[in-house]
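**Student:** Before we start, here is the structure in question, set down as C-alpha cells.
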Amino acid sequence: MHLHLNDQFQIIECYNSSPLLKEGSTVPKIPFSIHLLNDKIKFLLIHNISQLELSKSTGLTLNEDILKYQGLHEFEKIKIGIRTKSHKKEYVVIFSKKSTEDNANYKKYQPKEEISRIKPLLSSNIQFERFFNRIEQVNTELERRNKINAELISLNKQLLLKDQLLERNKNNVEALLNNNLQAFVLVDTFYSIQAFNNKAKDLFLTISKKKIEKNAFFFEFFADENLSSVKNDFKLINNQNNHQFTVNRSYFDKTFQKNRTFRVNYTAVLDKEHDLRSISIGFLDITDLVDTKKELETSQNLISSVFNSTKMGIIIINNNGDIVDINKGAAMDLGIPILKLKDLNIQNVFKDALVYDKFPFFKVDKNEVIINWKNEQNLTSKTFSFRTELLQNNSDNRLLVLIIRDISNEILIKERLKNITNNIPGAVFRYHLKEDGTDELLYVSGGAKELWGFDKDQLMKNNQVIWDQYPPGELQKHKASIQVSKEKMSEWFHEWRYIHPEKGLRWLRGIGKPSKLIDGSTAWDSIIVDITEEKKTELNLKEKTKYLTILSKVNQELINYKDWDLSINKIFRLIGKSMNIDRVYFFKYFFEDGIEKMKHIFEWCSTKTFPQIDDPQLQNLPSSRIPSITESMHKNKAYHAKINDMPESNEKILFKESGIKSIYNIPVKVRQKLFGLLGFDDCTKEREWSDQEISFLATIAQNISIAYESHVAGLKLIKEIKARKAILESIKDGFFSINKSWTINYWNEEAERLTGIDKSKAINEVLWEVFPEISIPPIKEEFDSAIAEKKTTILESHFPKLNKWFELNIYPIEDGASIYFKDITDRKSKEEELVLSNQRFEKVTEATNDAVWEWDIEQNTLYWGVGYEKQFGHRVTNEKQNLETWEKLIHPDDSAKISKSLHNVIKESKKTSWTEEYRYKNFDGTYSYVMDRGYIIRDDNDKAIRMIGAMTDISHRKEYEESLEYLNTILKNRADELTEMNLELERFAYIASHDLQEPLRMITGFLSQLEKKYSDQLDDKAQQYIFYAVDGAKRMRKIILDLLQYSRIGKLDDAEALELNLNLIINEVISILDRAIKDSGATINITTLPKVKGFKLSYTQIFQNLISNAIKYRRDNTPPVIDIGFEENQTHYIYSVSDNGIGVDPKFYDKIFIIFQRLHNKDKYSGTGVGLAIVKKVVEQMGGEIWLKSDKLNGTTFYFSTPKEPQLS
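Those letters in the sequence shown? Residues 951 to 2159, per this note's numbering, in order.
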C-alpha cells in the first residue's frame, strides 16, 4: 500500500496505542474526521495537532465510544503518525479491517444510546472539509494504479440522519451541513433557489458567469446543452421511490471554455407527511479524478507496449542477480533466446565482462558504463552501454532495471564518420542536449575553425563561445528550433545569422537528425554550412519580388481609386509598413506673396513615432527653412541624409525636433512643373537606403505623379459635368435643349414651372407640338436664323396664353441648340426704375476708387463699377457676369471659406450686411488682399434678392503690420524701461516711507509732550492747533504706511503658492476688524468659500479692505449688513462683497480705484484713498479683475475674480 506523493503522511513517531484522550486528565476538544479509503482501510484524522502534547509516554488512548459510533470497531489500528499539510500538523490513525470474529462483539451496540456520552468529546465548532485521497496500488510488475476518492462524512450528519422527526426548517439547515464541503444548493419545488454556500457561489459564477442569488431560477445557471440532463434529474427526485441518488454529470464551464465533470448528489427533503418540500443538491468536482483515471489506463498500456516493443534492451533483476524479466530488444542484442535468459543469473550472462568495482549491482548509476562482451556460442564480440535504475526498494524484494544498448556499430561509424567529416565543407558535429537543459558537443569536425572561428578542441570543452556570437534574437529562435525537433523527434533544420570573429556577419544552415539516448536526453548528428552568398542572392530576389508586389498594389490602387485622399493614405501605409519606414508624407509646393512655401497635406506614421500633419508651422512652411531639400528639389534630385551627419543649422534643429534620424525626399512633378515633395523618415535608426529601395521609391513617386495628373483631369471633367447639371437644375432660368429635328432632349424643373409643361411630356417630343406658343412667326424665325447661322441669339417675347414675358437665350450647338429662358414679367414692369437705379450706381462707382459691385441674386448677374478695373486690372465690359466668375478669382485657399460665408449670410433672414477679408487675383496673376463689404436687400419675405457692396484693396496693411511690429518692439523696450523705473520708484517709496516716518513720529511725540505738559497753560485755540498738527501727522503716517503697503504689492514672485482655506482667512479678517464690527453693529453673512491655491497676504488685504470699506461707508443710523458670496466657472473663482451702505455714483466707478482718490470729506469718512487701489493692484497681480455694481438705495457690491491656478504677473 502506497499513498500518492501528494497525500503522503510524514510519520514522525509511531505508537503502540492510539492517543486521543489522556488518562486521568481532560484533553481539549479537538476537531477530527473519519476518512474511508476503501472497504479495507479507514483512518482517523485529528486536526490542529498543536492542541495536543504528544510523546511516547503521554498515555493517550482512543475513546472506544468514538470507535464504536464511527464504525471503527470493525477495524484495527495499523499506524499512528503526524501529517504535515499547508504548514499545519494533523494527527492520523490508520485502521485496517478486523476479522469477522472481532465484529461479533459489537452486534448489540446501539449508537443512539451513546450520543449523549459522545457529544462532550467533540469540538463544538467542528469544521468539516472534503478531502480527496489518491491511493496507488503498486505491485512488483507495476500492473495497476488505482485512484480512489474518499469523502469526509461529518459526525453532525450521522446524528441528523437518525432523527426523522425534526421540523422542516431544521431539515433545511441540516441539508446544508450535509453538503457543506461541496458546492451546495437548496431548491424548492418550483426550482427556486432557497439557500446556497460559498462554494456554490464560486462554482456557478465560474461555469455560468452569473451570480447566484436567493429565489433565482435554478435552471438559468446551466448551458442549453446541459439543461435537459438537469431537468431529467429533477424528474427522478420527484419520484416518491427515489428520494436520494448520485449521478455524474458533465457541465460546460463558460469561464474556462471546457467541460468539467461533477458528482451530483440529489437528496429530497420531506415534511412529516413525507411530501417533497425541497431538494438538496451537492456538486463535487471530480474532473481531475476522471482525467487521472484515463491517464493511468493510458500510462499502463503505454508502459506495457513500450517494454515489449522497444528495441532498447531492458533486463529486470532481483537481489540475487536472477533475471526476473527481459524484453525482446535485450535478447536480440545478446543473441540468446528470451526463455533461456529468464533461467539465468546476470553474472552467468556477462561473466568477467562485469567488474564489480566498475559496475556494482543494486547501486543506481544513471551514467553510462561501457563494457566489451564476447558471446561464447557464436564467438562474436560486442560493445555495450549499461545504465541502471532502481525499480523497487523493498527490503524483501529489491528490483533493479538494467538498460543495455549495443553500441558496436556506433563506434565503428564514428571512426569512419570522423575521417569523412574532416574533409567536407562546413562543420559536422554531434550535439547533445541533456535533460537538465545544459548542452555539449560530443564531436566536432575539423571544419569548425573555418565555420565558427574556433578550434574544435576549444568547442568540445566549451560550446558557449558559439552561442555568444549570435546576434540579438537569433539564439532564442535557434534553440526553439532545436526544442521543436526534440519534441517531435523530427529532422532539425534551421537557418540563422552568426557573427564570425574574423569574417563578421554570416548566414549558416544546419541540418540534423535527433536520437534519444539511454538517459532520456537527445543527441543530433548534424552538419552546418555557410550559405552567406546564397542568402544574399535569395534576399535580393525576395526584396525585388516584394517591391514588385507592392508596386503592383500601389498601381492597382491608383487605377481603381474612388477617393483620392483615402487611396493616397492606403498607399503611404502600404509603403511604410512593407519598408519599415516610420513616416511617409507629402508636402505640396506653392507660392504665397512671392514666397516659396510648402504645405503638409498627407501623412502616415508608424506607432513608433508621432504625427506632424497637425503642426501649424508645417501647413505654411517657407522653403527657406529647409534649404538642403529645396536645393535638391529644384535640381530635380532626391535628397537623403543622416541628421547627425548634417552641419549645425536651423534645418538640422527642425529635423531633430521632428524626431528624424534619417530622411529621404523625392521631388514630384505634375505636367513638368514642380508639384510637391514625397518624403520618407526613419525616426528609430540611421538608415542606409539601398539601390533597390531608391529605385522603388522613385518609381512610386513617378506613378503618383502620373496618377495625379489623371486625377486632376478627371476631377475637372466630373466637376464640370456635375456643375453643368447642377447649374441647369438649380438656376432660376428655364432650360431645354433640342436636336436638329427640333426634338426636346432636356427639360429642367424651372422650365416645368415656368411653362406648366411636365418634363415627362416634353422629353423626346417635338418642341412645336409640346410648346405651340413658341412657334409664332417672330420667335420661330429667330430660332431658325440662330440655328442656321450658328449664332447666339437673345430675344424677349410676350406669351399671351401664359400672360408672361420671357427672355430666351438661344445657343446653337453642333447637333441642335440649348435654350435658356426666364420670366422677365416683373423686370419689364420695373425696367424704367432699374435703368434709373443703374445710372445712380454708375455715378457712385465713378466717384470712388473702390471696386463697387451689384449682384442680382435672383438673376445671378454681377455688375462691376469702373473701380474694379482700376484696382485689379480686369476689364469691365457690358457682358453680364455671375457669381462664379467672381469666385474663380478668389485665392484657392480662401475660396471655400468666403463662398460658405456669403451663402450663410444670405440664408440668415435677419442679416443685412456681410464683411470678409481674402486674397483676390489681379489681371497680372498676382493676388491682392481685399476687404469686401456688402449690403443685402431683402423682399417682404426676408428673401435676399440683391446685394450691393465694394471691395477695398488693403494690401498696404502689410506695410502697416510691419510698422506696427516695429512700434511694438519700441513699446516693449519702453515698457521694460518703465518696469525698471517702477522698481526704482517702489524702492524710493519704501525708503521714503521709512525716512519720512521718523520726523512725523518726532512731531507727534513733541506735540503730545507739549499738550501733556502745558495743556493747562494753553488756550482753546492752541489746543486746537496741536490737535490739527497731531491729526495731520497721524494721517500723513497712515498715508506713508499705505504707500509702503502699496509698494510691496507683487513682491511674492519668489513665494510658493499654498493651499488656503478662505473661510479661515475671513475669520482672521473679522477678528482684526472686531472693534469696528462691534462699534458699527455690523452683520456679516458668509457663504462657504473654497480652498484655493494662492498667497494668504493677498487674500487678507483684499477682504480686509473691502469689509472695512463696507463698515466705513454705512448709512447713518443703519447697521451695516455685509454679504460675502462665491461662484465659479471653468477657469476662475468669482467672489462678491455686498453692503447696504451709501453706494457709489456710476461715474466714479473707475476713480475709486486710483490711489489717493477720495469721494468724501475726510471729516465724515476717514481714510487715505489707498485701500481700493491696493485691492485692485493685488487682484490684477493674481491674474484677476475687480469691478462693482452700486446704487444709492441698495448699497454696493464689489466683485473680483481669481484664476483657479495661481498667477503672478
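We put the CB at the ideal spot given by N, CA and C, even for glycine.
Below 6 Å CB to CB, which residues in the same chain sit around D1892 once its five sequence neighbours on both sides are set aside?
**Tutor:** Sequence index remark: in the sequence shown, residue 1892 carries index 942 (1-based). Around D1892: S1859.
**Student:** Let me check understanding here. Comparing Cα to Cα, which of P1451, D1843 and G1397 lies closest to E1420?
**Tutor:** Start at 1 with the first residue of the sequence shown, and residue 1420 comes out as number 470. Going by the sequence as given, residue 1420 is Tyr instead of Glu. Of the listed residues, the one whose Cα sits closest to Y1420 is P1451.
**Student:** Do R1575 and C1555 have their C-beta atoms closer together than 8 Å?
**Tutor:** As a working note, residue 1575 is residue 625 in the sequence shown. As a working note, residue 1555 is residue 605 in the sequence shown. Against a cut-off of 8 Å, the Cβ pair of C1555 and R1575 comes out as no contact.
**Student:** Among the residues of its own chain, which have a CB less than 8 Å from the CB of E1175, if the five just before and after it don't count?
**Tutor:** Stepping through the sequence shown from its first residue, residue 1175 is reached at position 225. F1202, listed in sequence order.
**Student:** K1278 and I1288 - do their beta-carbons sit closer together than 8 Å?
**Tutor:** Stepping through the sequence shown from its first residue, residue 1288 is reached at position 338. Stepping through the sequence shown from its first residue, residue 1278 is reached at position 328. A contact, by the Cβ cut-off of 8 Å.
**Student:** Report all residues from its chain with a CB closer than 6 Å to the CB of K2142; omit the five preceding and five following residues, and keep chain order.
**Tutor:** As a working mapping, residue 2142 is identified with position 1192 in the sequence shown. For K2142, same chain residues with a beta-carbon under 6 Å away, outside a window of 5 residues either side, are G2093 in chain order.
**Student:** Look up F2045 in the DSSP assignment and say whether it is helix, strand or coil.
**Tutor:** One-based indexing of the sequence shown puts residue 2045 at position 1095. Note: F2045 maps to coil in three-state DSSP.
**Student:** Rounding to the nearest angstrom, what Cα-Cα distance links H1382 and K1429 in this structure?
**Tutor:** Residue numbering aside, residue 1382 sits at position 432 when the sequence shown is read from its first letter. Residue numbering aside, residue 1429 sits at position 479 when the sequence shown is read from its first letter. Whole-angstrom Cα-Cα distance: 13 Å.
**Student:** Give the single residue among S1640, L1665 and F1630 whose Cα lies nearest to the Cα of A1651.
**Tutor:** Taking the first residue of the sequence shown as position 1, residue 1651 is located at position 701. If we check each option's Cα against that of A1651, F1630 comes out closest.
**Student:** What does DSSP give as the partner residue(s) for G1684 in the beta ladder?
**Tutor:** Counting from 1 along the sequence shown, the entry for residue 1684 is found at position 734. G1684 is bridged to F1771.
**Student:** Excluding sequence positions up to five away, which residues of its chain have a Cβ less than 7 Å from the Cβ of S2151?
**Tutor:** Taking the sequence shown and counting its residues from 1, one reaches residue 2151 at position 1201. Sequence-distant Cβ neighbours of S2151 in its own chain, meaning closer than 7 Å and more than five residues away, are H2082, Y2083, I2084, G2134 and E2135.
**Student:** Does DSSP put K2139 in a helix, a strand or coil?
**Tutor:** Within the sequence shown, the letter at position 1189 stands for residue 2139. K2139 falls in the strand class under three-state DSSP.
**Student:** Sort I1610, S1200 and G1899 by Cα distance to L1177 and report the nearest one.
**Tutor:** The residue given as residue 1177 occupies position 227 in the sequence shown. When each option's Cα is compared against that of L1177, the closest is S1200.
**Student:** With a threshold of 7 Å on Cβ separation, who are the neighbours of E1837 within its own chain once the five nearest residues in sequence on each side are excluded?
**Tutor:** Mapped onto the sequence shown, residue 1837 falls at position 887. Closer than 7 Å at Cβ, skipping near neighbours: S1845 and S1849.
**Student:** Are A1173 and I1162 touching if we call contact CB-CB under 8 Å?
**Tutor:** Position 223 of the sequence shown holds residue 1173. Position 212 of the sequence shown holds residue 1162. If you check the CB distance, A1173 and I1162 do not come in under 8 Å.
**Student:** Between the Cα of A1133 and the Cα atoms of H1193, T1196 and F1233, which residue gives the shortest distance?
**Tutor:** Here residue 1133 corresponds to residue number 183 of the sequence shown, with the count starting at 1. For A1133, the nearest C-alpha among the options comes from F1233.
**Student:** Can you tell me whether D1138 is helix, strand or coil according to DSSP?
**Tutor:** As a working mapping, residue 1138 is identified with position 188 in the sequence shown. Here D1138 sits in strand by DSSP.
**Student:** Judging by CA-CA distance, which residue of S1179, R1213, F1168 and K1159 is the nearest neighbour of Q1207?
**Tutor:** By one-based count along the sequence shown, residue 1207 stands at place 257. Checked all of S1179, R1213, F1168 and K1159; the closest Cα to Q1207 is K1159.
**Student:** Got a sec? Which residues, its chain only, sit under 8 Å from M1881 by beta carbon, not counting five neighbours each side?
**Tutor:** Here residue 1881 corresponds to residue number 931 of the sequence shown, with the count starting at 1. The answer, listed in chain order, is T1865, E1866, E1867, M1901, T1902 and I1904.
**Student:** Does DSSP put R1825 in a helix, in a strand, or in coil?
**Tutor:** Working through the sequence shown from its first residue, we reach residue 1825 at position 875. Here R1825 sits in coil by DSSP.
**Student:** How would you write the range of the beta strand (DSSP E) that Q1144 sits in, first residue to last?
**Tutor:** Locating residue 1144 in the sequence shown gives position 194, counting from the first residue. Its beta strand (DSSP E) spans residues I1143 to F1146.
**Student:** Between E2179 and I1887, what straight-line distance do the alpha-carbon atoms span, to the nearest angstrom?
**Tutor:** Residue numbering for the chain in the displayed model covers 951 to 2159; residue 2179 lies beyond these limits and cannot be assessed.
**Student:** With distances taken Cα to Cα, identify the nearest neighbour of E2077 among G2091, L2039, S2058 and Q1959.
**Tutor:** The residue given as residue 2077 occupies position 1127 in the sequence shown. If we check each option's Cα against that of E2077, L2039 comes out closest.
**Student:** Which residues does DSSP list as the beta-bridge partners of T1338?
**Tutor:** For the purposes of this step, residue 1338 is taken as residue 388 along the sequence shown, with counting starting at 1. Answer by DSSP bridge pairing, in chain order: L1352.
**Student:** I need the boundaries of the alpha helix (DSSP H) containing K1538, first residue and last residue.
**Tutor:** Within the sequence shown, numbered from 1, the residue matching residue 1538 stands at position 588. Note, K1538: premise wrong, no alpha helix (DSSP H); beta strand (DSSP E) at R1533 to E1542.
**Student:** With DSSP run on the structure shown, which of helix, strand or coil describes A1900?
**Tutor:** Taking the first residue of the sequence shown as 1, we reach residue 1900 at position 950. Strand.
**Student:** Excluding five sequence neighbours on each side, which residues of the same chain lie with their C-beta closer than 7 Å to the C-beta of F1749?
**Tutor:** In the sequence shown, the residue the question calls residue 1749 occupies position 799. These residues qualify, in order along the chain: E1723 and F1756.
**Student:** For a minimum of 3 consecutive residues, which ranges assigned as the beta strand (DSSP E) are wholly contained in the segment 1448-1479?
**Tutor:** For the segment 1448-1479, the continuous beta strand (DSSP E) assignments of 3+ residues that do not extend past its boundaries occur at 1454-1466, in sequence order.
**Student:** On the CB-based measure, 16 or more other CB atoms within 10 Å of its CB, does G1626 come out buried or exposed?
**Tutor:** Counted from its first residue, the sequence shown places residue 1626 at position 676. Burial call: buried.
**Student:** Tell me which residue opens and which closes the alpha helix (DSSP H) that K1204 is part of.
**Tutor:** For the purposes of this step, residue 1204 is taken as the residue at position 254 of the sequence shown. That residue, K1204, is in no alpha helix (DSSP H); it is neither H nor E in DSSP.
**Student:** Could you give the first and the last residue of the continuous beta strand (DSSP E) run that contains L1812?
**Tutor:** Along the sequence shown, one-based indexing puts residue 1812 at 862. Start and end: T1811 to W1814.
**Student:** For I1898, which option in E1915, E1927 and A1801 has the closest C-alpha, if you only look at C-alpha atoms?
**Tutor:** For the purposes of this step, residue 1898 is taken as residue 948 along the sequence shown, with counting starting at 1. Nearest of E1915, E1927 and A1801 to I1898, Cα basis: A1801.
**Student:** Buried or exposed: which applies to Y1910, given that a residue is buried once 16 or more other Cβ atoms fall within 10 Å of its Cβ?
**Tutor:** The residue you call residue 1910 lines up with position 960 of the sequence shown. The residue in question, Y1910, is exposed, as its Cβ has fewer than 16 Cβ neighbours within 10 Å.
**Student:** Classify Y1964 as helix, strand or coil using the three-state DSSP reduction.
**Tutor:** As a first step, residue 1964 must be located in the sequence shown, where it is residue number 1014. Three-state DSSP puts Y1964 in a helix.
**Student:** Drop a sphere of 10 angstroms on the beta-carbon of V1716, count the other beta-carbons inside from all chains shown, and report buried for 16 or more, exposed for fewer.
**Tutor:** As a first step, residue 1716 must be located in the sequence shown, where it is residue number 766. V1716 comes out exposed.
**Student:** My assumption, with CB atoms under 8 Å, is that K1611 sits in contact with K1592. Please give the rounded CB distance.
**Tutor:** Looking up residue 1611 in the sequence shown gives position 661. Looking up residue 1592 in the sequence shown gives position 642. Rounded, the Cβ-Cβ distance is 7 Å, consistent with contact.
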